[in-house]
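One structure below.
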Ligand SMILES: Nc1ncnc2c1ncn2[C@@H]1O[C@H](COP(=O)(O)OP(=O)(O)OP(=O)(O)O)[C@@H](O)[C@H]1O
Ligand SMILES: [Mg+2]
């Protein structure tokens, strides 16, 4: 059975896309077959792998709405074992036209069942809101990791996410498991709120925090070149951190 993972946080700019792209790349480099699904209309995960609107054959909208053949929407990336279903602006229409159609929330989960067997990992990058597309990813996923900016307000947001996951579990996806929290933009010298850390651990267990991702400018630069951190600057801290995180995820 493949592992279906969402990197999710309603809060914007928490490192979801950077984490989804670089963990996917690390797993593919380790020999796993990975499908990254860009569920964010912003399309940042697609762009981060050098896939722009001009060079896509199909997109997530076609997969969800037009019932397009998976062979037409799953696209190669420059990394051989990493495939992607790209986002496009049309996902805004999906949000607009289907948000009142209850059944639309399970379109993604249903279609994934057809392609799942070909991949070891299916990974979702999700938008920064409680949209239909975020819901769709969390309904289709089996595991969630929450990337969180390592500061007081960012970490407080974890509790909002826990409430959301509780709701998704009750209504749609009882198997959905919160597997871990990834602190991003981390700096060794920063003082984390001990109270918030303790509260999170009390609810989710002592081992809930994965290796943190340090603040590293190469991580912000790599998307400009459409490359993962491993190809852009394989020796930087960002590469070291994401490799460790991918290893931890593999062992879970
Ligand atoms: N550890 C880091 N160090 C430095 N810059 C980073 C780091 N992680 C991410 N960035 C940069 O910070 C910005 C926000 O990160 P990212 O796009 O991954 O967040 P996001 O949660 O996907 O945002 P959104 O909510 O808009 O989808 C991006 O420009 C990214 O390149
Ligand atoms: Mg993003």
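Numbering (the numbering used here), first residue to last: 344 to 595.
Cβ coordinates follow ideal geometry from the N, Cα and C atoms, glycine included.
In this text the structure is predicted, and so the values were computed from the model without any measurement.
Of the residues assessed, residue 549 falls on the exposed side of the cut-off, its CB having fewer than 16 other CB atoms within 10 angstroms.
If you check the CB distance, residue 523 and residue 551 come in under 8 Å. In this structure, DSSP gives residue 360 a helical state, which the three-state scheme calls helix. Remark: the shortest separation between the CB of residue 357 and any heavy atom of ligand 1 falls under 7 Å.
The C-beta distance from residue 498 to residue 539 rounds to 5 Å, short enough to fall under 8 Å. Contact between residue 507 and residue 547 is absent: CB atoms are separated by about 14 Å, not below the 8 Å threshold.
Per the coordinates, the alpha-carbon of residue 407 lies some 21 Å from the alpha-carbon of residue 360. Taking the CA atoms as reference points, residue 586 sits about 22 Å from residue 419. Judged by DSSP secondary structure, residue 486 falls within the beta strand (DSSP E) whose first and last residues are 486 to 492.
The three-state reading of DSSP puts residue 521 in strand, counting E and B together.
Listed in chain order, the non-local C-beta contacts of residue 518 below 7 Å within the same chain comprise 485, local neighbours out to five positions each way being set aside. Residue 560 counts as exposed, since fewer than 16 other C-beta atoms from the protein chains shown sit within 10 angstroms of its C-beta.
Looking from the CA of residue 582, the closest CA among 364, 349, 350 and 354 belongs to 364. In this chain, the alpha helix (DSSP H) harbouring residue 453 covers 450 to 458. Annotation for residue 492 indicates a beta carbon at 7 Å or more from all heavy atoms of ligand 2. Between the beta-carbon of residue 358 and that of residue 574 there is about 19 Å, and that puts the pair past the 8 Å contact cut. Annotated three-state conformation of residue 534 is coil, per DSSP. Taking 7 Å as the cut-off, one finds no heavy atom of ligand 2 near enough to the beta carbon of residue 382. The C-alpha of residue 460 is placed about 22 Å away from the C-alpha of residue 409.
Residue 589 sits away from residue 405, with the two beta carbons spaced by 8 Å or more.
The beta carbons of residue 392 and residue 427 sit closer together than 8 Å. By the neighbour-count definition (other C-beta atoms within 10 Å, threshold 16), residue 594 is an exposed residue.
Here DSSP, grouped into helix, strand and coil, assigns residue 503 to helix.
Within 7 Å of the C-beta of residue 530 there is not a single heavy atom belonging to ligand 1. Taking the CA atoms as reference points, residue 544 sits about 15 Å from residue 504.
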